[in-house]
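Heads up: the structure comes next, in structure tokens.
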Amino acid sequence: MIAELGHYALMLALGLALIQGTMPIVGTRTNDPVLMSIAVPTALAQFAFVATAFTALAICYVISDFSVLNVFENSNSQMPFIYRLTSIWGNHEGSMILWVSILTFFGALVAVFGNNLPAVLKANALAVQAWIAAAFHLFILMTSNPFVRIPQAPFEGQDLNPILQDPGLAFHPPLLYLGYVGFSIAFSFAIAALLEGRIDAAWARWVRPWVLGAWMCLTVGIAGGSYWAYYTLGWGGFWFWDPVENASLMPWLAGTALLHSAVVMEKRGALKIWTILLAILTFSLSLIGTFLVRSGVLTSVHTFANDPMRGVFILAILVVFIGGALALYGWRAPLLKQGGLFAPISREGALVFNNLFLTTACASVFIGTLYPLALEALTGAKISVGPPFFNATFGPLFIPLTVVMPLGPLLGWKRGDLLGAAQRLLAAAILAMLAMAAAFAIEQGGPVLAPFCAGVAVIVMAGAVTDIAERTLVLRLPFRVALRRAIGLPRSAWGTAFAHFGVGVTLLGIVAATAWGSERIAEMKVGDNLDIARYRITFTGLFGRQGPNYHDIVGRFIVRRVNGDLIGVMEPSRRTFPTRNMTTTEAALMTRGVSQLYVSLGDPLQNGNVAVRLYFKPQVLLIWLGAALMFAGGALSLSDRRLRVGAPQPAKTKAALHSAG
Amino acid sequence: MTRIFLLGLILVLSVPASVGAVVQPDEMLQNPVLEARARTLSQQLRCMVCQNESIDESDAPLAHDLRVLVRERLQAGDSDAQVLDFLVARYGEFVLLKPRLSWRTAMLWGLPPGLLLIGITLLVVAAARRRGRAQEPAPNLTAAEQARLKKILTDSGGS
């Protein structure tokens, strides 16, 4: 009964989405405020019904109702409660329900908090939001219904894929989707602006908080996925340039560019047309990310045939939304007026530089991800595009971006003083040089690239500090006065500094962990030692351990300093899940400062020995710490009074005009 | 088997689909220089039955065979390029994770720098045009335009 209720709620949500997608637009055309205002209650009701569907599915999972096919295929009554809950989105159908839940949630937020929006813009934007929702509801109902029943209910479910039985599943997909779907708001506003044929700086003010929120979620979503991969996959890699990862990186790159171009638009009224295009592209990449990955088309052209209906539907959604949006853009964008002149050397110029490199980097990831597919479809030739390609193209595009990053905030709007900005960065540059030299000296003639990148990371961090120091004049004024100035700084300035500092931190972590890490691979018998960096691990034996729905074979390792001081114990294991007869590698991690020791076990050998992989990952935690700083920076910016208050009321302008003339 | 459950993972997440086992201790060469070369080469070679994994990362039997093969070639005295050529001759270009430059991959390698150049060119042209426009005196609005401006400003508050 509950499953049917969820199914029914989803159908009602589709109906509401169709109303929300048409009536308000008719209202804007006929100038009928009543029709336009329909968007608000329908958006709220639509969210209520989708939430009902989500709750219904959640209940089916919690009570382990195996008469529902989706629950039977992805859950098991023996699983801990948290995994029974997270397995809702640990599969295609359920994750689509999560997707539309978040989508309609955002729609409801716009409906509730959009009181200061012009009525026409709000009606149009909510209508576009409803088109997206309608397409997704239809997709779920026609091809991916999670509420399908099995005539004869089995006694036990097939269990969730063991790799997904991890706390990571609780955070990673929802955060990623909050990011993907959050960009839909920017998309809807962009289409609304095109429909109306008018756009101004206030548009950016309205859209920026949504972009910022989505960007924050996507940042930690990607970072969380990376950390999950790092500790799950058993050999300490944290980024693989896998198509699935690229699918999330592309919207992040485009979204980052959008975030920056929207600043220019808001402050200076320039880059309007470009910002609209970026808003469209960012969400398009989110759609591609969600869908191409699911269709299996990235893995092989042939998996499309597994479920032709789903594949064709996906293709249709992509063509209609992306193609339609770009066609509308091509048609209406020339109507929008450009504004805001600036010299090439200026804050705007720096942000244009940022946009150029971010979008090119995004394009190179896009090309690398889809090129093999296109080539195979067109010529039948099979090639592989892997990490070496992305390192060779993405790296050279990203490094100039980070080198210029500290300069941007120090340049003035309209016309900047490059020499002055460079002078103010002198201390940061010296620090970076010293770091480079130190890294090079310690490395003793290793690769030159690593010390260089470490230097770049340092100048980015020091640059962010310089920015704050320059704004508060902390070195020139008495500390108390500077502190007052620091408190008085707009939160968005702090946000920029935090986020930029975070980029430097992440970069440093990446460089250190990849270039200066060490690795030992060995077969060990009981009592054997293995040395790495300043540590020595001793293998003391294997033992078995029973978990709730799995069995572990645990290896026990004593960790000491090389001089003999005991530090602790590490217990990596091989985990076997009987329901699916699958074994996973559970690595053991020991955190030392921001570095980590990492041990994982291979299959136990016949002679009772174990194959051990031991890694020392220096500064590896900085990678994710940097992402947390970026998130914090975003949160600070979001709390800026100017964004909370929203754009100045147009009514004031009108009053001023009337009084003036 | 691996592939099927990896597909499940790929459907939902942006976590790459590999449960790595990496190179096994018994495969490794005694000579550290050769072994280091073998590792570097392995990272550039694709495990052809896996999803986007190098043979260095994969636990598939084929990856094991290829790792051993690479080491055999190195011990036989092949240069890095010769090892890659040998594998390409056997398994085709598909085995290389970094595709070689050819007419087929010209767009792949050419587009990223090409797009950057196009972007720069467009920006330079736009800046030049802007500078030209900035030097012209701003045209005065016609009466009709004035009326329209006023209408737009009035509209923005209403409805």
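Note that the protein sequences, when read in sequence, are chains R and A. Note that the first sequence covers residues 1 to 661 in our numbering. Note that the second sequence covers residues 1001 to 1159 in our numbering. All residues carry an ideal CB built from backbone N, CA and C; glycine is no exception. Every value quoted in this text rests on a predicted model; they were computed, and no experiment measured them.
Here DSSP, grouped into helix, strand and coil, assigns valine 1049 of chain A to coil. Looking only at R/Asp528, R/Phe498, R/Ala611 and R/Gly182, the smallest Cα-Cα distance to serine 637 of chain R is reached by R/Phe498.
Approximately 30 Å separates the beta-carbon atoms of glycine 495 of chain R and lysine 617 of chain R; this is outside 8 Å, ruling out the contact.
Residue pairing by DSSP places lysine 272 of chain R opposite no residue, since no beta bridge is assigned to it. The shortest CA-to-CA distance from glycine 324 of chain R to any of R/Leu542, R/Lys337, R/Ile280 and R/Leu401 is the one to R/Ile280.
Nearest CB-CB separation between alanine 1127 of chain A and chain R: below the 8 Å threshold. For phenylalanine 81 of chain R and serine 248 of chain R, the gap between their C-alpha atoms comes out near 29 Å. In the DSSP assignment, isoleucine 532 of chain R falls within the unbroken beta strand (DSSP E) covering 529 to 532. Chain R places a beta carbon closer than 8 Å to that of aspartate 1026 of chain A, counting this residue as a contact. The three-state secondary structure of glycine 634 of chain R, taken from DSSP, is helix. Counted as a single uninterrupted DSSP element, the beta strand (DSSP E) harbouring proline 604 of chain R occupies residues 595 to 604. Not a single C-beta of chain A is nearer than 8 Å to the C-beta of phenylalanine 616 of chain R. Ranking R/Gly602, R/Thr28, R/Leu12 and R/Thr290 by CA distance to the CA of proline 572 of chain R puts R/Gly602 first. Burial check for arginine 1046 of chain A: the Cβ neighbour count within 10 Å reaches 16 or more, so the residue is buried. Taking a cut-off of 8 Å for Cβ pairs, the stretch 591 to 601 of chain R and the stretch 210 to 218 of chain R do not touch, as fewer than three such pairs fall below it. When beta bridges are read from the DSSP output, glutamine 546 of chain R appears opposite R/His551. By the criterion of a C-beta distance shorter than 6 Å, phenylalanine 139 of chain R is surrounded in its chain by Phe313, once the five residues flanking it on both sides are discounted.
Where valine 26 of chain R is concerned, the enclosing alpha helix (DSSP H) starts and stops at 2 to 30.
Between the stretch 281 to 292 of chain R and the stretch 250 to 259 of chain R there are three or more C-beta pairs closer than 8 Å, enough to call the two in contact. The three-state reading of DSSP puts glutamate 571 of chain R in coil, since its state is none of H, G, I, E or B.
Chain A has a Cβ within less than 8 Å of the Cβ of glutamate 523 of chain R. The beta carbon of glycine 547 of chain R sits closer than 8 Å to those of Arg575, all from its chain and outside the five residues before and after it, given in chain order. Take glycine 408 of chain R, set aside five residues on each side of it, and the residues of its chain with a beta-carbon closer than 6 Å to its own are Ala350, in chain order. With a minimum length of 4 residues, the unbroken runs of alpha helix (DSSP H) contained wholly in the stretch 111 to 144 of chain R fall at 119 to 143.
DSSP, read as helix, strand or coil, puts methionine 582 of chain R in strand.
A direct Cα-to-Cα measurement between lysine 122 of chain R and threonine 55 of chain R gives close to 29 Å. Counting only runs of 4 or more residues that sit fully inside the stretch 48 to 78 of chain R, the alpha helix (DSSP H) segments are 69 to 74, in chain order. Under DSSP, the beta-bridge partners assigned to isoleucine 558 of chain R are R/Thr538 and R/Val569. The CB of glutamine 1146 of chain A never comes closer than 8 Å to any CB in chain R; the least such distance is about 11 Å.
Under the 8 Å Cβ criterion, the stretch 162 to 181 of chain R does not count as touching the stretch 37 to 47 of chain R, having fewer than three qualifying pairs.
Taking a cut-off of 8 Å on C-beta distances, the stretch 142 to 156 of chain R does not touch the stretch 195 to 202 of chain R, as fewer than three cross pairs fall below it. With its beta carbon at least 8 Å from every one in chain A, glycine 182 of chain R lies outside the interface.
Rounded to the nearest whole angstrom, the CA to CA distance from leucine 370 of chain R to methionine 265 of chain R is 32 Å. For threonine 379 of chain R, the chain A residues whose C-beta falls within less than 8 Å of its own C-beta are Arg1104, listed in chain order.
Contact between arginine 556 of chain R and glycine 541 of chain R is confirmed by a C-beta separation of about 6 Å, below the 8 Å threshold. Under the DSSP definition of a beta bridge, valine 610 of chain R partners with R/Met524 and R/Pro604.
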